[in-house]
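Asker: I am attaching a structure below and will ask some questions about it afterwards.
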RNA sequence: GCCGGAGUGGCGGAAUGGUAGACGCGCACGACUCAAAAUCGUGUAUCGCAAGGUGUGUGGGUUCAACUCCCACCUCCGGCACCA
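In the numbering used here, the protein residues as written are 67 to 840.
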């Protein structure tokens with residue numbers, strides 16, 4: 067049992083803060099602004115477990131800290147509420163996703179509120195709100211205008227279980243990231259966004275970001291820029307005049323001993339009428355089938371191939387070399403054809419060894435550049451990143467603001483008629499044929515109207531019939547720009563007012579889990595596009611990124627219904643109070659590190675807060691803790707700024723230990739309350755207001771540490787002899803070297819290990835250490 | 001295979017190249033109590049009665065001094081993957 071009733075404090079202050087609007091952000095910031103943002107959650111039906119609020123607690127501490135330091139803080143919260151789970155819930159229970167989502171949001175709000183988070187709820191947003199997705203649709207129309215959104219019929223990844231097309235980023239290997247089904251390649255009419263146009267800028271601007279190095283590297287690899295060249299190899303009696311190969315090693319062209327093409331390319335030759343033997347056809351078919359199948363990436367598949375009977379001419383020496391079909395050459399990568407140089411490429415070497423093809427060593431005396439210019443190569447930059455497959459054949463997403471006329475010509479819906487509302491349907495079931503459930507609603511799909519002078523579509527009852535686009539946008543659409551909306555959440559004339567954009571953006575600190583190669587790629591892409599059309603004034607959306615480590619269950623597994631190991635923050639708040647939950651989650655491990663929950667360890671944080679509360683009974687007029695107090699203020703200030711919450715708390719624990727053992731004044735105690743306030747807002751507010759008769763600790767100013775007080779009067783010097791620790795002694799701060807040496811001679815350690823011998827060398831680190839070398 | 005990150009007590013973890021294990025949990029003993037819980041106090045890397053020795057994944061190196069820097073390797077976690 068604690069000495070105070072945390073339930074009373076929690077509820078009292080949470081309501082009071084709400085009523086006094088102490089966390090409401092001004093429309094425009096003053097001199098100092100900071101925009102602190104959490105990756106907004108998907109409001110699932112299961113509610114929060116204790117892992118979810120970890121990041122929110124951190125941003126809460128950070129924004130309270132900044133507010134106390136005189137900043138105007140934008141710290142908002144919203145809901146990323148489109149997506150498959152709500153839809154699947156709807157299908158199962160025949161409840162409209164909107165209804166389920168609303169209920170879940172209310173539950174989430176209450177759970178977050180109970181933790182005492184300082185969000186400005188007047189700025190709450192929801193991606194499924196038509197007032198919000200109006201602007202998601204608007205961005206799409208702008209992308210289309212600039213030629214960055216286009217339709218394609220290329221085969222795309224199709225998840226047979228989710229019954230929708232997917233982007234490369236939605237895959238885990240060759241499985242659907244959501245459900246784990248192996249995806250198929252399926253030709254499907256698709257909306258695609260030209261993210262590749264921004265690849266170079268996204269790569270270059272990574273350097274400007276204060277992000278964890280690992281994320282930057284992951285993005286760099288995902289974008290996967292490679293510089294190389296393409297060369298034409300003429301074919302003798304082939305299906306086409308020449309085959310085009312891509313290489314990053316043009317300098318090895320003289321060592322090419324065969325050409326290898328993908329089964330896909332060979333199939334296209336057959337499709338266009340070229341005759342090949344049954345054996346070859348069979349090989350192509352089985353290879354294509356194999357490549358579709360599940361890959362175990364830990365094992366490199368065995369290489370197979372077949373000779374086509376065709377020969378190619380190496381453009382650098384007119385040598386006649388055979389053309390093979392090989393399973394290690396993959397359609398869709400590069401040109402789908404390579405020149406094989408077994409002497410300088412391990413894969414080519416394996417293949418050549420297997421099929422007894424020649425391996426030719428050469429002298430590499432020409433540079434890549436020389437080879438390109440001399441042998442009519444073409445310099446080519448390739449990216450691993452693919453254009454963003456942007457349409458989903460599902461119900462619960464943003465409708466496209468797109469119609470077609472009877473000839474199939476595409477028009478964007480006029481801006482004045484946005485948003486295109488997501489209609490009610492009877493069945494949310496997806497279909498097998500790649501049609502969205504929306505396609506079944508004929509009186510929505512067929513819409514009368516006309517084309518304006520600007521070339522956009524407007525509705526009119528006496529107009530011609532147009533057909534609406536029935537796909538919806540992917541889950542990542544809303545989250546690609548939502549952070550902009552918080553600065554101007556109720557604007558219905560523009561996505562964001564330019565003055566507010568300049569005032570608040572960019573996000574100064576962005577906190578969340580690992581979305582290195584999806585959300586953080588997509589949002590950067592859209593932000594750069596919005597920069598190009600003048601909506602935003604910064605080239606990057608998130609200046610600083612802090613990753614959070616997840617909280618595992620006590621058994622070391624992920625918290626999940628399936629394992630029955632979920633810990634609900636509501637229960638923890640009830641038993642220990644919001645402050646204890648907050649302090650414990652920040653103390654349990656370094657912020658960015660994954661750690662397991664411990665029901666016994668949390669008691670330590672609870673005890674700590676109780677001791678802080680009880681300290682007020684010990685207030686005296688003498689202080690023995692000045693140095694330590696000011697050291698702690700310094701440490702906590704620095705640690706919050708760098709997200710080292712665990713060591714900040716540890717420093718405060720050390721201070722409290724000293725305060726218990728020694729004596730301290732009321733002023734000392736109030737300073738402790740102030741630096742603890744961001745971590746434990748309820749308890750500190752209660753005691754602060756009682757003792758000081760002040761309005762709120764949270765709008766007061768952050769304590770400044772006194773540099774003079776941090777300086778110790780006496781320091782403990784470590785005595786080393788020959789590098790080994792042989793004792794300690796105490797001297798006044800900043801004692802001269804000769805004093806240190808004299809003092810060290812008085813120690814037992816010196817007498818024992820040095821005695822009358824003359825030291826070879828003496829190394830002195832002022833205020834710290836003396837090392838006598840013998 | 002490539003690219004990241006990490007290996008420290010029974011556990012979570014702390015250490016600008018300068019007393020390794022701060023702080024917390026757990027455990028042991030003691031105080032309070034009829035008793036228990038809570039609370040408080042003391043102890044808690046390891047070998048040794050002690051003096052002292054050994055210890056931060058392994059093996060080398062640099063240095064007066066290495067968890068920290070360099071080289072080689074092992075293990076675990078994450079990402080990418082026959083990308084030409």
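Note that the Cβ used here is the ideal one computed from N, Cα and C, for glycine as well.
Keep in mind it's a predicted model, so treat the numbers as computed, not measured.
1) Just grab the DSSP bridge partners of residue 138 for me.
2) In terms of residue numbering, what span does the beta strand (DSSP E) encompassing residue 525 cover?
3) Could you tell me the boundaries of the beta strand (DSSP E) in which residue 784 lies?
4) Quick one: residues in its chain with C-beta nearer than 7 Å to the C-beta of residue 518, no 5 flanking neighbours on either side, listed in chain order?
5) Could you give the DSSP three-state label for residue 515: helix, strand or coil?
6) Report, in whole angstroms, the separation of the C-beta atoms of residue 149 and residue 541, which I expect to be a contact under 8 Å.
7) Report yes or no: do three or more beta-carbon pairs, one from the region 214-227 and one from the region 192-203, lie closer than 8 Å?
8) Report all residues from its chain with a CB closer than 7 Å to the CB of residue 241; omit the five preceding and five following residues, and keep chain order.
9) Could you check which residue in 545, 722, 664 has the C-alpha nearest to that of residue 622?
10) Is the CB-CB distance between residue 295 and residue 443 below 8 Å?
11) Give me the DSSP bridge partner(s) of residue 445.
12) At the level of alpha carbons, what is the spacing between residue 596 and residue 276?
13) Use the C-beta contact count for residue 130: other C-beta atoms within 10 angstroms, 16 or more gives buried, fewer gives exposed.
14) Give me the Cα-Cα distance between residue 713 and residue 135, rounded to the nearest whole angstrom.
15) CB-CB under 7 Å to residue 583, same chain, minus the five flanking residues each way: which ones, in chain order?
16) Starting from residue 688, trace the beta strand (DSSP E) in both directions and tell me its first and last residue.
17) Provide the residue span of the alpha helix (DSSP H) that contains residue 269, from first to last.
18) So, does the region 673-685 touch the region 93-105, judging by three or more C-beta pairs under 8 Å?
19) Over what stretch of residues does the alpha helix (DSSP H) that includes residue 678 continue unbroken?
20) Quick one: is residue 386 buried, meaning 16 or more other Cβ sit within 10 Å of its Cβ, or exposed?
21) From residue 686 to residue 697, what does the alpha carbon distance come to, in whole angstroms?
22) Could you have a look at residue 176 and say whether DSSP puts it in helix, strand or coil?
23) Just list the residues that DSSP pairs residue 256 with in beta bridges.
24) Can you check whether the CB of residue 625 is closer than 8 Å to the CB of residue 124?
25) Are three or more beta carbon pairs between the region 418-432 and the region 295-310 nearer than 8 Å?
26) Looking only at C-alpha atoms, which of 496, 711, 339 sits nearest to residue 648?
27) Within 10 angstroms of its Cβ, does residue 802 collect 16 or more other Cβ (buried), or is it exposed?
28) So the candidates are 408, 409, 392, 646; which of them puts its Cα closest to the Cα of residue 402?
29) In the DSSP assignment, find the alpha helix (DSSP H) that holds residue 550 and state where it starts and stops.
30) Leaving aside the five residues before and after residue 264 along the sequence, list all residues of the same chain whose C-beta is less than 6 Å from its C-beta, in chain order.
31) Which residue wins for smallest C-alpha separation from residue 706, given the options 112, 109, 126?
32) Which residue wins for smallest C-alpha separation from residue 785, given the options 836, 371, 229?
33) Compare the beta carbon distance of residue 738 and residue 754 with 8 Å and say whether it is the shorter of the two.
34) Ignore the nearest five residues each way along the sequence and tell me which others in residue 258's own chain have a CB closer than 7 Å to its CB.
35) Once DSSP output is grouped into helix, strand and coil, what is the label at residue 729?
36) Assign residue 827 to one of three DSSP states: helix, strand, or coil.
Answerer: On the basis of the data shown:
1) In the first chain, residue 138 corresponds to position 72, counting from 1. According to DSSP, which records beta bridges pairwise, residue 138 is partnered with 99.
2) By 1-based counting over the first chain, the position of residue 525 is 459. Per DSSP, residue 525 belongs to the beta strand (DSSP E) from 523-525.
3) If you number the first chain from 1, residue 784 lands on position 718. Per DSSP, residue 784 belongs to the beta strand (DSSP E) from 780-787.
4) Here the question's residue 518 lines up with position 452 in the first chain. These residues qualify, in order along the chain: 480, 524.
5) In the first chain, counting from the first residue as 1, residue 515 sits at position 449. Note: residue 515 maps to strand in three-state DSSP.
6) Position 83 of the first chain, counted from the start, is the residue given in the question as residue 149. Position 475 of the first chain, counted from the start, is the residue given in the question as residue 541. About 4 Å; that satisfies the 8 Å criterion.
7) no
8) Position 175 of the first chain, counting from 1, holds the residue named residue 241. The answer, listed in chain order, is 247, 248, 249.
9) Position 556 of the first chain, counting from 1, holds the residue named residue 622. Out of 545, 722, 664, 664 has the C-alpha closest to the C-alpha of residue 622.
10) Sequence index remark: in the first chain, residue 295 carries index 229 (1-based). Sequence index remark: in the first chain, residue 443 carries index 377 (1-based). A contact, by the Cβ cut-off of 8 Å.
11) Taking the first residue of the first chain as position 1, residue 445 is located at position 379. According to DSSP, residue 445 bridges with 295.
12) Mapped onto the first chain, residue 596 falls at position 530. Mapped onto the first chain, residue 276 falls at position 210. C-alpha separation (whole angstroms): 21 Å.
13) The residue you call residue 130 lines up with position 64 of the first chain. Buried.
14) Working through the first chain from its first residue, we reach residue 713 at position 647. Working through the first chain from its first residue, we reach residue 135 at position 69. Approximately 20 Å, taken between the alpha carbons.
15) Numbered from its first residue, the first chain carries residue 583 at position 517. Taken in chain order, the residues that qualify are 235, 284, 285, 288.
16) By 1-based counting over the first chain, the position of residue 688 is 622. Looking at the DSSP string, residue 688 is not in any beta strand (DSSP E), and its letter there is neither H nor E.
17) Residue mapping note: residue 269 aligns to position 203 of the first chain, counting from 1. Taken as a continuous stretch (DSSP letters only), the alpha helix (DSSP H) holding residue 269 covers 265-270.
18) no
19) By one-based count along the first chain, residue 678 stands at place 612. Taken as a continuous stretch (DSSP letters only), the alpha helix (DSSP H) holding residue 678 covers 668-681.
20) Taking the first residue of the first chain as position 1, residue 386 is located at position 320. Label assigned to residue 386: exposed.
21) Within the first chain, the letter at position 620 stands for residue 686. Within the first chain, the letter at position 631 stands for residue 697. Residue 686 and residue 697: Cα-Cα distance of roughly 21 Å.
22) Stepping through the first chain from its first residue, residue 176 is reached at position 110. Looking at residue 176 - three-state DSSP - the assignment turns out to be helix.
23) Working through the first chain from its first residue, we reach residue 256 at position 190. According to DSSP, which records beta bridges pairwise, residue 256 is partnered with 218.
24) Stepping through the first chain from its first residue, residue 124 is reached at position 58. Stepping through the first chain from its first residue, residue 625 is reached at position 559. Not closer than 8 Å, so no.
25) no
26) What you label residue 648 is simply residue 582 of the first chain in a count that begins at 1. Nearest option by C-alpha distance: 711.
27) As a working mapping, residue 802 is identified with position 736 in the first chain. Per the 10 Å Cβ criterion, exposed.
28) In the first chain, counting from the first residue as 1, residue 402 sits at position 336. Considering only alpha carbons, the answer is 392.
29) In the first chain, counting from the first residue as 1, residue 550 sits at position 484. Element bounds for residue 550: 548-551.
30) For the purposes of this step, residue 264 is taken as residue 198 along the first chain, with counting starting at 1. For residue 264, where only same-chain residues beyond five positions count, the Cβ hits under 6 Å are 591, 594.
31) Along the first chain, read from residue 1 onward, the residue named residue 706 stands at position 640. Nearest C-alpha to residue 706: 126.
32) For this step, residue 785 is matched to residue 719 along the first chain. Looking at the Cα atoms, 836 is the closest of the given residues.
33) For the purposes of this step, residue 738 is identified with residue 672 of the first chain, where counting begins at 1. For the purposes of this step, residue 754 is identified with residue 688 of the first chain, where counting begins at 1. It is not a contact, given that the beta carbons lie outside the stated cut-off.
34) In the first chain, counting from the first residue as 1, residue 258 sits at position 192. Closer than 7 Å at the Cβ level, and outside the excluded window around residue 258, lie 216, 218, 453, 454, 455, 456.
35) In the first chain, the residue the question calls residue 729 occupies position 663. Coil, per DSSP.
36) Within the first chain, residue 827 is the residue found at index 761, counting from 1. Correct three-state label for residue 827: strand.
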